[in-house]
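Notes for the one structure printed next.
Numbering (UniProt numbering), first residue to last: 1 to 250.
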């Protein structure tokens, strides 16, 4: 009975999170972007504590003797909890992508780190990765830039459900670090590319908040760079990122 009550409480909390998410979507068109940033930050802060409580309750259930069916329910709940935590992270990053210590960031190192962590996801989707990276650095926040590259790569891999190739190339000159992400995925229409810059818009195959590419663009623009997306339905997408170059890497 205790397990059932905890599970019911968990499902109610997750339903509330989804309700808040939909509410934000509805008011987004009526709010200025600056107001939306504050709302997103507040949402993330307010939901962090109840999710922490839920996580603790689930851990307690794991320590109990439960049957196979209950364990399946538990795993489903854990998966949904992880998805909710990712949603909160998306909101918080979208609300404030510019805090932290700025320093020279080695772009090749960050891209290699992202690719290394994403390999299981790529393997699952049968995606081949090709890298051609120069050495170069920009002045920014390492963790934010790492998340930026993760968002772009994740978007590319998600578009290749039946396999494909993600090619990442990087070229450096005295003024700019240019990184190109090219995939052979489903591609997008011009309308979809336009809406990719809107909060909460995501392609049908994505289960995220739709903030990934929007946040990536904000991080890039925050350090004086820009991002250009070109795509053709059924043929893939190319994301070109240009960042101001930092001093030469020693």
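Just so you know, even glycine gets a beta-carbon here, dropped at the ideal spot from N, CA and C.
Asked	Found
Under 8 Å by Cβ, that's how I've got residue 160 and residue 183 pegged, so tell me the actual separation to the nearest angstrom.	6 Å
So what's residue 32 in DSSP terms, helix, strand or just coil?	Reliability of the predicted coordinates at residue 32 is poor, the pLDDT of 47 falling under 50, and the value obtained from them is presented with this limitation in mind. Coil.
Report yes or no: do the region 129 to 146 and the region 105 to 117 share at least 3 C-beta pairs separated by less than 8 Å?	yes
Beta-carbon within less than 6 Å of residue 242's beta-carbon, same chain only, minus the 5 sequence neighbours each way: which residues are those?	176, 178, 225 and 226
On a CA-only basis, which of 79, 115 and 135 is nearest residue 127? Give me that one, please.	115
Which of the three DSSP states is assigned to residue 189 in this structure?	coil
Rank 54, 68, 151 and 84 by C-alpha distance to the C-alpha of residue 218 and give the top, closest one.	151
Determine the closest residue to residue 84 out of 167, 155, 55 and 166, with distance taken between C-alpha atoms.	55
How is the alpha helix (DSSP H) around residue 213 delimited, first residue to last?	212 to 222
Let me check one thing: in DSSP terms, what residues is residue 156 bridge-paired to?	According to DSSP, which records beta bridges pairwise, residue 156 is partnered with nothing at all.
May I ask which residues mark the beginning and end of the beta strand (DSSP E) holding residue 66?	Segment: none, residue 66 is in no beta strand (DSSP E) and carries neither H nor E.
May I have the straight-line CA-CA distance separating residue 71 from residue 77, to the nearest angstrom?	10 Å
State the Cα-Cα distance for the pair residue 138 and residue 103, rounded to the nearest angstrom.	8 Å
Is residue 223 closer than 8 Å to residue 244 when the C-beta atoms are compared?	yes
Rounded to the nearest angstrom, what separates residue 132 and residue 113 at their Cα positions?	14 Å
Drop a sphere of 10 angstroms on the beta-carbon of residue 60, count the other beta-carbons inside from all chains shown, and report buried for 16 or more, exposed for fewer.	exposed
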